[in-house]
Amino acid sequence: MFTGIVLETGMVKSINKAAGITRLAVRTPTLHEDAVIGDSICINGACLTVIDITGEDLSFELSEETINTTNLGRLKKGERVNLEPAIKADGKIGGHFVTGHIDGIGTIRSKTKTGQTIEIDIEVPGKISDYLVDKGSVAVDGISLTVVKVLNDSFRLVVIPHTEKVTSIGDRKTGSTVNIETDIIGKYVKKFLSAKRDAGIMTKLIDSGFINRDS
4 MFTGIVLETG
14 MVKSINKAAG
24 ITRLAVRTPT
34 LHEDAVIGDS
44 ICINGACLTV
54 IDITGEDLSF
64 ELSEETINTT
74 NLGRLKKGER
84 VNLEPAIKAD
94 GKIGGHFVTG
104 HIDGIGTIRS
114 KTKTGQTIEI
124 DIEVPGKISD
134 YLVDKGSVAV
144 DGISLTVVKV
154 LNDSFRLVVI
164 PHTEKVTSIG
174 DRKTGSTVNI
184 ETDIIGKYVK
194 KFLSAKRDAG
204 IMTKLIDSGF
214 INRDS
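Our numbering numbers the first residue of the sequence shown as 4 and each following residue consecutively.
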(Lines of atoms letter the chains of each structure in order from A and count residues from 1; the text may use other names and numbers.)
(Lines give C-alpha, C1' and ligand atoms only; values in the text may rest on other atoms or scores of the structure.)
Protein backbone atom coordinates (compact mmCIF):
# COMPACT_ATOMS: atom_id res chain seq x y z
CA MET A 1 0.00 0.00 0.00
CA PHE A 2 1.15 3.53 -0.81
CA THR A 3 -0.06 7.08 -0.18
CA GLY A 4 0.68 8.98 -3.36
CA ILE A 5 3.32 11.14 -1.67
CA VAL A 6 6.39 10.81 -3.90
CA LEU A 7 9.57 10.28 -1.84
CA GLU A 8 11.91 11.21 -4.68
CA THR A 9 12.34 11.02 -8.43
CA GLY A 10 14.72 8.55 -10.04
CA MET A 11 16.19 8.31 -13.53
CA VAL A 12 15.67 5.43 -15.95
CA LYS A 13 19.08 3.83 -16.31
CA SER A 14 18.02 1.16 -18.79
CA ILE A 15 14.96 -0.67 -20.08
CA ASN A 16 15.43 -3.91 -22.01
CA LYS A 17 13.15 -6.71 -23.15
CA ALA A 18 14.13 -10.38 -23.32
CA ALA A 19 12.08 -13.60 -23.37
CA GLY A 20 8.79 -11.81 -22.79
CA ILE A 21 10.00 -9.92 -19.73
CA THR A 22 11.01 -6.27 -19.69
CA ARG A 23 13.72 -5.37 -17.21
CA LEU A 24 13.81 -1.82 -15.89
CA ALA A 25 16.72 -0.29 -13.97
CA VAL A 26 16.24 3.01 -12.12
CA ARG A 27 18.96 5.13 -10.54
CA THR A 28 17.73 6.46 -7.19
CA PRO A 29 19.05 9.36 -5.09
CA THR A 30 18.47 7.68 -1.68
CA LEU A 31 15.91 4.88 -2.01
CA HIS A 32 18.59 2.27 -2.70
CA GLU A 33 20.10 2.85 0.76
CA ASP A 34 17.25 1.11 2.62
CA ALA A 35 15.89 -1.09 -0.15
CA VAL A 36 16.16 -4.88 -0.07
CA ILE A 37 15.37 -7.43 -2.76
CA GLY A 38 11.65 -8.20 -2.64
CA ASP A 39 10.59 -4.70 -1.60
CA SER A 40 7.54 -3.16 -3.24
CA ILE A 41 8.26 0.20 -4.87
CA CYS A 42 5.71 2.41 -6.61
CA ILE A 43 7.13 3.66 -9.92
CA ASN A 44 4.92 6.20 -11.68
CA GLY A 45 2.04 4.74 -9.71
CA ALA A 46 2.66 1.06 -10.55
CA CYS A 47 3.68 -1.35 -7.79
CA LEU A 48 6.85 -3.24 -8.77
CA THR A 49 9.15 -5.64 -6.94
CA VAL A 50 12.87 -5.00 -6.48
CA ILE A 51 14.79 -7.91 -8.03
CA ASP A 52 18.31 -6.52 -7.93
CA ILE A 53 20.28 -3.74 -6.24
CA THR A 54 23.54 -2.56 -7.79
CA GLY A 55 24.97 0.55 -6.22
CA GLU A 56 22.40 3.31 -6.66
CA ASP A 57 20.39 1.31 -9.21
CA LEU A 58 17.25 -0.70 -8.42
CA SER A 59 16.06 -3.24 -10.99
CA PHE A 60 12.52 -4.48 -11.66
CA GLU A 61 10.79 -6.88 -14.05
CA LEU A 62 7.70 -5.80 -15.99
CA SER A 63 5.22 -8.42 -17.17
CA GLU A 64 3.29 -8.12 -20.43
CA GLU A 65 0.24 -7.19 -18.34
CA THR A 66 2.12 -4.27 -16.81
CA ILE A 67 3.37 -3.18 -20.23
CA ASN A 68 -0.16 -3.30 -21.65
CA THR A 69 -1.94 -1.51 -18.80
CA THR A 70 0.59 1.19 -17.83
CA ASN A 71 2.91 3.66 -19.54
CA LEU A 72 6.05 2.03 -18.13
CA GLY A 73 6.84 0.27 -21.41
CA ARG A 74 7.13 3.69 -23.05
CA LEU A 75 9.82 4.94 -20.69
CA LYS A 76 13.08 6.15 -22.21
CA LYS A 77 16.61 6.08 -20.85
CA GLY A 78 17.25 9.23 -18.83
CA GLU A 79 13.56 9.87 -18.17
CA ARG A 80 12.54 10.95 -14.67
CA VAL A 81 10.15 8.69 -12.72
CA ASN A 82 8.27 9.09 -9.45
CA LEU A 83 9.31 6.77 -6.61
CA GLU A 84 7.53 5.84 -3.39
CA PRO A 85 8.31 2.90 -1.07
CA ALA A 86 5.45 0.96 0.51
CA ILE A 87 4.02 2.65 3.59
CA LYS A 88 5.10 1.27 6.96
CA ALA A 89 2.58 0.34 9.66
CA ASP A 90 3.55 3.41 11.69
CA GLY A 91 4.00 5.69 8.67
CA LYS A 92 2.09 8.87 7.87
CA ILE A 93 -0.70 8.81 5.31
CA GLY A 94 -0.13 12.21 3.77
CA GLY A 95 -2.12 11.64 0.57
CA HIS A 96 -4.73 8.88 0.15
CA PHE A 97 -4.63 5.08 -0.03
CA VAL A 98 -2.98 4.01 -3.29
CA THR A 99 -2.69 0.31 -4.18
CA GLY A 100 -0.23 0.59 -7.06
CA HIS A 101 -2.65 -1.19 -9.41
CA ILE A 102 -3.23 1.06 -12.42
CA ASP A 103 -6.81 1.43 -13.71
CA GLY A 104 -5.83 2.83 -17.09
CA ILE A 105 -3.75 5.28 -19.06
CA GLY A 106 -4.73 8.92 -19.41
CA THR A 107 -3.51 11.44 -21.97
CA ILE A 108 -2.74 15.06 -21.15
CA ARG A 109 -5.10 17.11 -23.29
CA SER A 110 -3.95 20.54 -22.16
CA LYS A 111 -1.48 22.09 -19.74
CA THR A 112 -1.86 25.76 -18.88
CA LYS A 113 0.21 27.95 -16.60
CA THR A 114 -2.13 30.01 -14.39
CA GLY A 115 -0.15 32.32 -12.16
CA GLN A 116 2.22 30.06 -10.24
CA THR A 117 0.10 26.93 -10.64
CA ILE A 118 -0.44 24.61 -13.61
CA GLU A 119 -3.92 23.61 -14.78
CA ILE A 120 -3.93 20.19 -16.44
CA ASP A 121 -6.78 18.45 -18.27
CA ILE A 122 -6.36 14.68 -18.64
CA GLU A 123 -8.42 12.60 -21.06
CA VAL A 124 -9.41 9.19 -19.65
CA PRO A 125 -11.44 6.13 -20.72
CA GLY A 126 -15.07 6.03 -19.61
CA LYS A 127 -14.40 3.22 -17.14
CA ILE A 128 -12.14 5.61 -15.21
CA SER A 129 -14.50 8.59 -15.37
CA ASP A 130 -17.11 6.56 -13.50
CA TYR A 131 -14.95 6.68 -10.36
CA LEU A 132 -13.98 10.35 -10.47
CA VAL A 133 -15.81 13.04 -8.50
CA ASP A 134 -15.17 16.75 -8.01
CA LYS A 135 -12.81 17.30 -5.04
CA GLY A 136 -12.08 13.57 -4.92
CA SER A 137 -8.65 11.94 -4.90
CA VAL A 138 -6.83 10.42 -7.85
CA ALA A 139 -3.27 9.13 -8.35
CA VAL A 140 -1.61 10.42 -11.53
CA ASP A 141 1.73 8.71 -12.20
CA GLY A 142 1.69 7.84 -8.51
CA ILE A 143 1.06 11.41 -7.30
CA SER A 144 -1.89 11.93 -4.96
CA LEU A 145 -3.85 14.83 -6.44
CA THR A 146 -7.29 16.39 -6.08
CA VAL A 147 -9.77 16.36 -8.94
CA VAL A 148 -10.80 19.98 -9.47
CA LYS A 149 -13.51 19.19 -12.01
CA VAL A 150 -14.82 16.14 -13.84
CA LEU A 151 -15.51 16.90 -17.52
CA ASN A 152 -17.21 14.79 -20.22
CA ASP A 153 -14.28 12.51 -21.04
CA SER A 154 -11.55 14.09 -18.94
CA PHE A 155 -10.82 15.67 -15.58
CA ARG A 156 -8.97 18.77 -14.42
CA LEU A 157 -6.14 19.16 -11.92
CA VAL A 158 -4.33 22.17 -10.51
CA VAL A 159 -0.68 21.47 -9.64
CA ILE A 160 1.16 23.70 -7.17
CA PRO A 161 4.83 24.70 -7.69
CA HIS A 162 6.13 22.30 -5.00
CA THR A 163 4.50 19.27 -6.66
CA GLU A 164 5.81 20.38 -10.05
CA LYS A 165 9.33 20.60 -8.61
CA VAL A 166 9.53 17.32 -6.65
CA THR A 167 7.70 15.03 -9.11
CA SER A 168 7.80 14.29 -12.83
CA ILE A 169 4.48 16.04 -13.53
CA GLY A 170 6.39 19.14 -14.60
CA ASP A 171 8.09 17.13 -17.36
CA ARG A 172 4.81 16.03 -18.93
CA LYS A 173 3.60 17.81 -22.05
CA THR A 174 0.38 17.90 -24.04
CA GLY A 175 -0.03 14.41 -25.52
CA SER A 176 2.01 12.71 -22.78
CA THR A 177 0.51 9.59 -21.21
CA VAL A 178 0.07 9.16 -17.46
CA ASN A 179 -0.90 6.24 -15.25
CA ILE A 180 -4.25 6.68 -13.50
CA GLU A 181 -5.47 4.97 -10.32
CA THR A 182 -8.82 6.04 -8.94
CA ASP A 183 -9.74 6.08 -5.25
CA ILE A 184 -10.15 2.53 -3.92
CA ILE A 185 -12.97 3.62 -1.61
CA GLY A 186 -15.05 4.64 -4.61
CA LYS A 187 -14.48 1.21 -6.18
CA TYR A 188 -15.78 -0.61 -3.11
CA VAL A 189 -18.78 1.71 -2.86
CA LYS A 190 -19.71 1.08 -6.48
CA LYS A 191 -19.30 -2.70 -6.14
CA PHE A 192 -21.48 -2.72 -3.04
CA LEU A 193 -24.16 -0.68 -4.76
CA SER A 194 -24.03 -2.86 -7.88
CA ALA A 195 -24.91 -5.83 -5.69
CA LYS A 196 -27.56 -4.08 -3.61
CA ARG A 197 -29.03 -1.57 -6.04
CA ASP A 198 -31.17 -0.01 -3.33
CA ALA A 199 -33.00 2.81 -5.12
CA GLY A 200 -33.00 5.09 -2.07
CA ILE A 201 -29.25 4.76 -1.46
CA MET A 202 -28.47 5.08 -5.17
CA THR A 203 -30.49 8.29 -5.46
CA LYS A 204 -28.76 9.85 -2.47
CA LEU A 205 -25.28 8.99 -3.75
CA ILE A 206 -26.05 10.20 -7.27
CA ASP A 207 -27.47 13.46 -5.96
CA SER A 208 -24.39 13.90 -3.73
CA GLY A 209 -22.04 13.38 -6.67
CA PHE A 210 -20.40 10.17 -5.40
CA ILE A 211 -21.31 8.23 -8.55
CA ASN A 212 -22.38 9.19 -12.06
CA ARG A 213 -26.06 9.00 -12.96
CA ASP A 214 -25.31 6.67 -15.91
CA SER A 215 -23.28 4.15 -13.84
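Ideal Cβ placement from N, Cα and C applies to all residues, glycine included.
For this session: For my contact list, T110 and G178 are in at a C-beta cut-off of 8 Å; report their separation, rounded to the angstrom.
Result: 7 Å
Problem set entry | From T69, L135 and V29, residue whose alpha carbon lies closest to that of S211 | L135
For this session: Answer yes if the segment 46 to 63 comes into contact with the segment 93 to 100, meaning at least three C-beta pairs across the two stretches below 8 Å, and no otherwise.
Result: no
Problem set entry | Residue burial classification, N19 (beta-carbon count within 10 angstroms, cutoff 16) | exposed
Exercise. From T69 to L75, what distance separates their C-alpha atoms?
Worked result: 8 Å
Problem set entry | Where N155 falls, given that 16 or more other Cβ within 10 Å makes a residue buried | Burial call: exposed.
Exercise. Which term fits T206, buried or exposed, when burial requires 16 or more other beta carbons within 10 angstroms of its beta carbon?
Worked result: exposed
Exercise. Can you give the beta carbon distance from G7 to G145, rounded, assuming they're within the 8 Å contact cut?
Worked result: 6 Å
Exercise. Cβ atoms of V162 and I121: under 8 Å apart, would you say?
Worked result: yes
Problem set entry | Proximity to T25 [Cα-Cα], best of I54, K193, G58 and T12 | I54
Problem set entry | Limits of the unbroken beta strand (DSSP E) element including N71 | Unbroken run through N71 is the alpha helix (DSSP H), E67 to T72; no beta strand (DSSP E).
For this session: Taking T12 as the reference, give the member of D186, I187 and I172 with the closest Cα.
Result: I172
For this session: Tell me whether the beta-carbon of I232 lies closer than 8 Å to the beta-carbon of I108.
Result: Summary: the structure shown does not reach residue 232, with the chain confined to residues 4 through 218, and so no result is reported for it.
Exercise. How about M4 and A89: are their beta carbons less than 8 Å apart?
Worked result: The Cβ atoms of M4 and A89 sit closer than 8 Å to each other.
For this session: Closer than 8 Å by C-beta to D42: which residues in its own chain qualify, once you throw out the five before and the five after it? Chain order, please.
Result: Cβ-Cβ distances below 8 Å link D42 to T52, V53, P88 and A89 in the same chain, with the five nearest sequence neighbours on each side left out; the list follows chain order.
For this session: Closer than 6 Å by C-beta to T1: which residues in its own chain qualify, once you throw out the five before and the five after it? Chain order, please.
Result: No information on residue 1 is available, as it lies outside the stretch 4 to 218 that the chain covers here.
Problem set entry | In chain order, each beta strand (DSSP E) run of at least 3 residues that lies wholly inside the segment 89 to 142 | For the segment 89 to 142, the full-length beta strand (DSSP E) segments reaching 3 residues or more read 107 to 117 and 120 to 126 along the chain.
Problem set entry | Buried/exposed call for R175, threshold 16 Cβ in 10 Å | The residue is buried, with at least 16 neighbouring Cβ atoms inside 10 Å.
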